[in-house]
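Numbering (our numbering), first residue to last: 872 to 1322. Some notes on the structure that comes next.
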Amino acid sequence: MNFNSIHFIFIFLPVCLSVFYAVPPRLRLPTLLIFSMIFYTASGIGPGILLFTSIVVGFLGAHLCRSGRPTSHLLVALSFPLAALFVSKYLGFSLRTFGINLETDGVIDLIAKLSLPAGISFYTFQLVSYLVDLRDGKIEREVDFFQFGTYIAFFPQLIAGPILRYSELRLQLKRIATEHRLNPDLHLGIKYCTFGFAYKIFFSDILTTIHIRYNNIEGAASIDALYSVLSYSTIIYFDFWSYSLIAIGLAKLFAINLPRNFREPYKSLSPRDFWKRWHITLSFWLRDYVYFRIGGRQNYTRNIIILFGLVGLWHGAGWNFVLWGFYHAFWVLVYNACKKWWDPLPTVIQVVITYTIVSLGWPLFYLDISGYIQLYSNLFLLGGGVGNSIYGAIDWVYLGIILGWIFLVKEDYLIFNKRSLIFDHPVFLASLFVGSVLFLSYGRTFIYFQF
């Protein structure tokens, strides 16, 4: 089920909120878990069964991971969620990589062709962090199944993050289950959701309908290749930013505060700074559970390559995603080697360089490696010339307006301010919401749902 769908906005969410606030405190978490499973199972019964099984296995497996237990116990507890992730997401890619003919084994062929369960990478990482933190003595085992299940399956962040640590939600979930009167920040929740819906529709989805005209890569004009790069960079920016806003806003409606996962990443001053602003919880998760555990800054180059190789694989099972990860590793290493020259540069120069680097990497999300090479052959070698552009002046103006919004608008002032501005006024928010609903026909699935 998509956040930007009529069924979610006008049926699922109102019913869920009504039941949540109608039941006594002890039934709130079971209510949230049930509705989260309904939300997830709307995409298919199979993924729903896998999610629920993962919750049960994680809950029971926690017995093996108490502090002081052998590492082998932790590995046993982790075996199911990691195996499920591998089979669902990486089996087909692995078999193709090693040249194994899927047609020779009907069972393997069937498994490899199953659709990827939405959000499996996200909830698997939450399960892993819970079990590892439990083993390290950082948290205590949760004995309430509904509280644990809600931590894993809470629908606002289930599909595309943020990736939560149990320590971030434990007390909030306990409060929901015990306090008779909750004080959700409904105004901020509605504001975040409204801006998120508007960003998704007007800045991501409508631009996507323009971007997809670029399909004949070999014969494309250079100016079209440039538009394709800039537009997709803008599309994925607002696709993920809008989801992050909606997730935070929806959680606030249930009196839960989620961490920010996105801090104006296209204003980053370096490739390393970008990863402190884009998908923040993924960066911190990989830092704490991978980077530090393989040595951190000891053998920095090797560890950065490993880390970003995993970043690429996490985003998708394909060599284009692996290359995208290594691409970012390269630029992080370049920055680390050159930062004594990089850091003194004027801020605007650092931002432009970083934005250019990041944008040139994004096409690997929708092109295979050969298509990626062809795209930049068109762009830099003037393949296709400049005469027969498929994008008109209006398309460029629309893109320019959105890019101007990215670099000129201060989101902390517009979205996260505490002062009363026109953007906080109920009439403005209602108008923005109605306008977004009127254009829902342009709505598309969030890009990060596939990860």
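All residues carry an ideal CB built from backbone N, CA and C; glycine is no exception.
Opening and closing residue of the alpha helix (DSSP H) in which residue i lies
i: A989; result: Element bounds for A989: n/a, residue is neither H nor E.
i: R1173; result: Y1171 to H1186
i: L935; result: Element bounds for L935: n/a, residue is neither H nor E.
i: M908; result: R899 to T912
i: W1267; result: A1264 to L1279
i: K1211; result: W1190 to W1213
i: Y1108; result: S1093 to L1124
i: R1158; result: Careful: R1158 lies outside any alpha helix (DSSP H) and carries neither H nor E.
i: P952; result: T942 to L956
i: F1299; result: P1297 to L1309
i: I1224; result: T1218 to G1232
i: I1081; result: I1077 to H1082
i: I1061; result: L1057 to A1069
i: S965; result: L962 to T968
Three-state secondary structure assigned by DSSP to residue i
i: F1025; result: coil
i: L1044; result: helix
i: N873; result: coil
i: L1238; result: coil
i: E1013; result: coil
i: F1317; result: coil
i: E1050; result: coil
i: V894; result: coil
i: F1287; result: coil
i: S1260; result: coil
i: D1004; result: helix
i: S1141; result: coil
i: I926; result: helix
i: P885; result: helix
i: G1166; result: coil
i: N1249; result: helix
i: G917; result: helix
One or two residues paired with residue i in a DSSP bridge
i: W1149; result: F1133
Cβ separation of residue i and residue j, assumed to be a contact under 8 Å, to the nearest whole Å
i: P952; j: S925; result: 5 Å
i: S1113; j: K1071; result: 4 Å
i: T995; j: L956; result: 5 Å
i: A1139; j: F1145; result: It should be pointed out that residue 1139 corresponds to Ser in this sequence rather than to Ala. Right, their Cβ atoms sit about 4 Å apart.
i: W1190; j: I1240; result: 6 Å
i: L945; j: R1006; result: 5 Å
i: F1074; j: F1111; result: F1074 to F1111, Cβ: 12 Å. No contact.
i: I1244; j: L1204; result: About 22 Å separates the two Cβ atoms, so there is no contact after all.
i: P896; j: T1049; result: 6 Å
i: I1261; j: D1095; result: 6 Å
i: L1002; j: G929; result: 7 Å
i: L998; j: I1023; result: 6 Å
i: F1197; j: F1179; result: 6 Å
i: T1225; j: S1141; result: 6 Å
TODO: Give a yes or no on contact between the segment 1175–1187 and the segment 1122–1129, applying the rule of three or more CB pairs nearer than 8 Å.
DONE: The segment 1175–1187 is not in contact with the segment 1122–1129.
- [ ] Would you check if the segment 1144–1151 and the segment 1209–1220 touch, i.e. whether three or more CB-CB distances between them fall below 8 Å?
- [x] Counting Cβ pairs under 8 Å, fewer than three are found: no touch.
Task: Stretch-stretch touch, CB-based, cutoff 8 Å, three pairs: the segment 1160–1177 with the segment 1230–1240 - done: No, they do not touch.
Task: the segment 1054–1074 contacting the segment 1022–1040, beta-carbon criterion three pairs below 8 Å - done: Contact fails: fewer than three Cβ-Cβ distances are below 8 Å.
Task: Stretch-stretch touch, CB-based, cutoff 8 Å, three pairs: the segment 1071–1080 with the segment 1269–1283 - done: For the pair of segments examined, the segment 1071–1080 was found to touch the segment 1269–1283: the number of CB pairs separated by less than 8 Å reaches three.
Task: the segment 1021–1029 contacting the segment 906–921, beta-carbon criterion three pairs below 8 Å - done: With a cut-off of 8 Å, the segment 906–921 and the segment 1021–1029 count as touching, because enough Cβ pairs lie within range.
Open item on the list: With a threshold of 8 Å, are at least 3 pairs of Cβ atoms found where one atom belongs to the segment 1300–1316 and the other to the segment 874–883?
Closed with: Short answer: they touch.
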